[in-house]
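To start, the structure itself, in structure tokens.
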Amino acid sequence: MRLGVIADDFTGATDIAGFLVANGLRTVQLNDVPPADLQVEADAVVISLKTRSCPVQQAVDESLAALAWLQARNCPQFFFKYCSTFDSTAKGNIGPVTDALLAELGEDFTVICPVLPVNGRTIFNGYLFVNGVPLDESGMRHHPVTPMTDANVMRLMDAQSKGKTGNVSYRVMDQGAEAVRAALAELKSKGFRYAVLDALSDAHLVVMGQAVAEMTLVTGGSGLADGMARAWAGSGDAAAAAAEGRPPKGRGVVLSGSCSQMTNAQVAAYRAEAPSLAVDVDRSLHDAGYAQELADWVLAQAQGGLAPLVFATQPPEELKKLQAKYGAAEASEAVERTFGALAQKLEAAGFDQFIVAGGETSGIVTQSLGIGGFHIGPQIAPGVPWVRAVEKPLSLALKSGNFGQERFFFDAQNLAG
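Going by full-length UniProt numbering, the first residue of the sequence shown is number 1, and it counts up by one from there.
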């Protein structure tokens, strides 16, 4: 094993795993902390947790358990993966988990790098941008769980961690890996505990990948992992690495729980051409038979065309109304339970392809289907690969909210088979 990744949600895990496979690393994704006796043959292992917005102590405990499992297999380097839009408030969980991992590893310095330039996530002088817009002016400002109201990653990290955060600017990145290593050493000597790495392009990813090659723990988005893998010359055959995760043709469904801007656009584009049905929040809360009714509707759609879509995706103004009426947590949990029950019923009816939008939705669908691990397949879009379950003949595409282009749901189906 060359790299062990601890990811704070399911779509984040498949995101980083997809980039590792694209660079030729045989990669297995395991859902939740694996049993102690599980044996895995892979260049990289990604452990996907559901710790992005859970209580801080739970996030710390589960992350440390994942670290212990990787350490027991003599893993030499560790990567704490979180979203490229940071997705963490002053309460955590990125800071507390990073501090706990550093303490357990006996380290006192690491990098903070939530970037993915190919998807428009860049850092300039420590400020995080989404498609050229500061984080706090993007759609993430209205995120229902982790509203991002500051684009300065140093301030975001300092507010929830035990140390001080510095910045390695894009000007240093332009000078190459040696300059970056020197800048990191200088920050550490001055008492900084974390360094935010600027990245404006793919070229910067390779530089930072080379610069952190000897660090025991790194943290960030999948762009940093992409750079690390690319910096490892001759990692392997990307096509061969992806072969075990490529989905065969099958019967599929699209389940969309994300309310991000991009997912709203993707749902709108797909609804124009495919059968679709909106989830009723009130019935999710109060009707025990509602999931079966949704399954019956999916089963009634004609086979052979586009997969039917069941969606809870709403634009910001409608989402606010629903949250005000039912409560944000209550509404979200009820809808996720409905998606989980629906997935179970569709699997029993012979569905073997699940295209899922949203980190929370992906997590509950994966758990409800009883999937403990994936083989990582080809990428549908940057950061979104097809995956195949280790235990059963199921294929899934697990999409983080803002990833992919407007025709993502079409692209996923075109790549299958």
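A virtual CB, placed ideally from N, CA and C, is assigned to each residue, including glycine.
The structure presented is a predicted model; accordingly, all values stated were derived computationally and were not measured.
Next on the checklist: Going by DSSP, what residue range makes up the beta strand (DSSP E) through Thr219?
Outcome noted: Residues Leu217 to Gly220.
Checklist entry - Going by beta carbon distance, what residues of the same chain come within less than 6 Å of Ile123, once the five residues before and after it are set aside? => result Non-local C-beta neighbours of Ile123 in its own chain, meaning closer than 6 Å and more than five positions away in sequence, comprise Val115, Asp198 and Ala199, ordered along the chain.
Checklist entry - Any idea if Gly209 is buried or exposed, counting beta-carbon neighbours within 10 angstroms, 16 or more meaning buried? => result Flag for Gly209 reads buried.
Checklist entry - Does the separation of the CB atoms of Gly12 and Gly359 fall below 8 Å? => result In contact: Gly12 and Gly359 (Cβ atoms closer than 8 Å).
Item to check | Proximal residues to Thr51 (C-beta, below 8 Å), its chain only, five neighbours per side dropped | outcome: The answer, listed in chain order, is Asp8, Asp9, Gln58, Ala59, Glu62, Ser63, Asn93 and Val97.
Checklist entry - Between Phe374 and Gly252, is the Cβ-Cβ spacing less than 8 Å? => result At least 8 Å separates the beta-carbon of Phe374 from that of Gly252.
Checklist entry - Does the segment 217-236 come close enough to the segment 321-328 that 3 or more CB-CB pairs lie under 8 Å? => result With the cut-off at 8 Å, the segment 321-328 and the segment 217-236 do not touch.
Checklist entry - Whose C-beta lies closer than 6 Å to the C-beta of Leu128 among residues of the same chain, with five residues either side of it excluded? => result Only Leu135, Ala151 and Val153 meet the Cβ criterion.
Checklist entry - Exposed or buried, what is Ser161 when buried is set at 16 or more other beta-carbons lying within 10 Å of its beta-carbon? => result Buried, because 16 or more other Cβ atoms sit within 10 Å of the Cβ of Ser161.
Checklist entry - Ordered along the chain, which non-local residues of its own chain (more than five positions away) have a Cβ less than 6 Å from that of Leu285? => result If the five residues before and after Leu285 are omitted, its C-beta is found closer than 6 Å to the C-beta atoms of Ala334, all from its own chain and listed in chain order.
Checklist entry - Counting Cβ pairs closer than 8 Å, one from the segment 256-268 and one from the segment 399-414, do we hit at least three? => result A contact exists between the segment 256-268 and the segment 399-414.
Checklist entry - Straight-line CA distance for Ser48 to Pro393? => result One C-alpha to the other measures close to 20 Å.
Next on the checklist: For a test of the three-state rule: what should DSSP assign to Ser256, helix, strand or coil?
Outcome noted: DSSP places Ser256 in strand when its eight states are reduced to three.
Item to check | Given 8 Å, three or more beta-carbon pairs between the segment 95-109 and the segment 227-247 | outcome: No: the two stretches stay apart, fewer than three of their Cβ pairs being nearer than 8 Å.
Checklist entry - Looking only at C-alpha atoms, which of Ala213, Met173, His143 and Pro147 sits nearest to Leu3? => result Among Ala213, Met173, His143 and Pro147, the Cα nearest to that of Leu3 belongs to Ala213.
Item to check | DSSP three-state assignment for His375, whether helix, strand or coil | outcome: Judged by DSSP in its simplified three-state form, His375 adopts strand.
Checklist entry - Taking C-alpha atoms, which residue in Asp43, Asp174 and Phe339 lies nearest to Val310? => result If we check each option's Cα against that of Val310, Phe339 comes out closest.
Item to check | Nearest residue (CA-CA) to Ile380, options Glu137, Gly363 and Ala416 | outcome: Minimum Cα distance to Ile380 is reached at Ala416.
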